[in-house]
Amino acid sequence: MVMTGQNISAPHKPSQADRTQHPPALLLEGSHYRHGHVLGNADELRAALLSAAPSENQNKLLLIRNLDSEAAEILQTAVAMDPMFIEAHVTRTSYRPSGNRDGPGWWTWTYPALARKRTMVQGPGLRRAQRTGEAPSFSLGVGCDTSVCFHRASLWLSGMLPILLLEPAVHDNPAAPPISSQSPQRVVTHTIAMQNGCNNAMRRHVVSDDEAFSLEDTLLERIQDDLPVKNTVGEVILESWSGFIEILSPKTKWDGRKDDGLLWMVLRALEFNTDVTKHLAKRGVVLDSVSLDDWKDLTDRIQRRVQLHSLCVSSSSSRAAAPSDVPADDLSYSDKDPNERSLDRIAYLGGILLPVTVVSSVLSIEGIYGPEGQHFWVFWVASIVLSVIALIVIYVDQVRTLHVWVEVAAGELFGSDDDAEEDRPLLRRNDGSGKGQTYWVQRNGQDGMARTWQRRELGWGGAVKKICRYERWYGTEHGQAPPERREVV
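Numbering (full-length UniProt numbering), first residue to last: 1 to 489.
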């Protein structure tokens with residue numbers, strides 16, 4: 001039987017092949033000899049529900065993974081399962097039963113299911129998954145061969161037999177790529193009995209090796225006589241979340257659109273489990289294996305992982321290499337605020353007006369340099385020359401504070417050339433004044449010699465050479481940028 005998506009009332013008739021490969025129900029028994037009975041059709045499912053006795057079902061669990069309209073009708077008539085509970089499971093919404101405080105017993109969770117990438121529907125996203133009925137899958141990062149889907153598990157405890165509703169497995173989805181017949185498979189160690197009337201044919205339950213987390217296998221191994229089934233299911237769900245967090249890596253891609261990213265799905269699933277636990281706790285229903293603090297702790301762990309991931313991404317972005325074709329005379333200009341630019345304009349204006357005032361004051365001593373004198377032209381020549389000199393000095397003073405990369409001897413940074421054997425691109429050393437000195441070190445792969453650049457101010461001499469184009473005239477490389485330079489924060 002296959003789940004029919006949003007509409008559980010629409011009839012769906014599975015083929016005989018689907019019935020054989022994916023049975024509608026699995027009855028798990030946790031006695032000394034743990035085994036599971038495969039209920040191959042709807043009649044066997046109805047018979048198992050009607051023949052259940054309370055005293056015999058302390059360690060039994062009926063697991064239904066592929067829920068359709070026929071199975072939903074049997075559950076409603078045989079065990080009086082609330083239709084709203086079934087609808088909440090299929091539509092992945094919250095279940096809030098109506099009635100008094102002593103209503104039906106139930107639990108519901110959202111849990112991560114890990115699987116190999118080649119059996120996953122890669123990246124459908126939340127919106128497309130809601131339209132097509134698929135479970136949204138997410139890759140856990142570059143180099144990781146595992147993907148994750150988030151499924152709903154709903155446990156009904158009001159009947160004679162505990163019933164666990166699950167969503168179809170990843171490889172059961174018809175939209176997923178088929179599993180190759182040549183792919184290795186593992187056979188579970190327990191035996192599952194196939195009951196067909198009087199026949200008692202035995203069949204082994206085969207689970208694909210691509211499914212990293214099999215809820216059925218884990219539940220069968222954990223079911224015990226002295227432990228309530230609901231505690232076992234809650235413990236397995238909690239362990240699935242712990243396993244998911246352990247497999248996360250710094251390369252896990254958390255980002256995405258605000259409504260379909262991995263982080264959004266994880267936090268929404270954990271918040272759903274927290275809300276359900278809090279809602280049932282108000283009614284006096286608690287589990288010994290899972291508490292409200294457990295879900296809050298998982299949420300805190302996820303948030304810490306995301307914060308560490310953000311720090312790693314920020315650090316990588318700040319150290320990203322600049323293009324290697326940086327021009328040789330590229331300078332690093334510091335950002336100036338509007339106040340500093342205003343002061344620069346005032347300085348240039350003063351450089352123009354101050355010489356005019358000084359020259360006019362000096363030449364006014366002699367009348368021949370006045371406006372009516374024959375040597376008045378001297379005033380204009382002297383004022384213009386001095387103004388040009390003042391502007392040049394002001395410009396050179398600004399250029400000298402620019403930072404450039406200057407190639408220096410490796411001995412200035414290392415005690416000997418042997419210390420520079422390792423290529424250390426960006427180094428900072430304290431010069432004793434409290435301000436660090438920045439060096440760029442690159443080792444030549446051909447001759448093994450280390451080349452070192454130091455980041456320093458251009459200075460008066462360098463500013464004059466820069467303005468006069470000294471490098472182009474004499475072929476020097478003063479102030480060149482090192483190859484594959486990195487900006488310093």
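Yeah, the Cβ is synthetic: ideal placement off N, Cα and C, and Gly gets one too.
Everything numeric in this text was worked out from a predicted model, so none of it was measured.
Under a 10 Å Cβ-count criterion, residue 250 is classified as exposed, with fewer than 16 other Cβ atoms of the shown protein chains found around its own Cβ. From the listed residues 65, 390 and 273, the smallest Cα separation to residue 296 is found for 273. Linking residue 85 to residue 311 through their CA atoms gives a straight-line distance of about 42 Å. The three-state reading of DSSP puts residue 461 in helix, counting H, G and I together. Cβ atoms of residue 25 and residue 64 come within 8 Å of each other, at about 5 Å. Burial is judged here by how many other beta carbons sit within 10 angstroms of a residue's own beta carbon; residue 293 has fewer than 16 and is exposed.
Between the alpha carbons of residue 94 and residue 340 lies a gap of roughly 60 Å. Distance from the CA atom of residue 284 to the CA atom of residue 157, rounded to whole angstroms, is 15 Å.
The beta carbons of residue 28 and residue 40 sit no closer together than 7 Å. Residue 230 is classed as buried because its beta carbon has at least 16 other beta carbons within 10 Å across all chains shown. Per DSSP, reduced to three states, the secondary structure at residue 74 is helical. DSSP, read as helix, strand or coil, puts residue 454 in strand.
Straight across, the Cα-Cα distance linking residue 344 with residue 399 is about 12 Å. In the three-state reduction of the DSSP assignment, residue 147 falls in the strand class, which pools E and B.
C-alpha of residue 281 to C-alpha of residue 224: approximately 25 Å in a straight line. By the criterion of at least three beta-carbon pairs nearer than 8 Å, the segment 346-361 is in contact with the segment 387-396.
Distance from the Cα of residue 218 is smallest, within the candidate group 227, 228 and 236, for 236. Excluding its 5 nearest sequence neighbours in each direction, residue 70 has C-beta neighbours in its own chain below 6 Å: 42, listed in chain order. Residue 64 is bridged by DSSP to 165. Out of 50, 228, 147 and 234, the CA that lies nearest to the CA of residue 159 is found in 50. Annotation: the continuous alpha helix (DSSP H) that includes residue 378 extends over 377-399.
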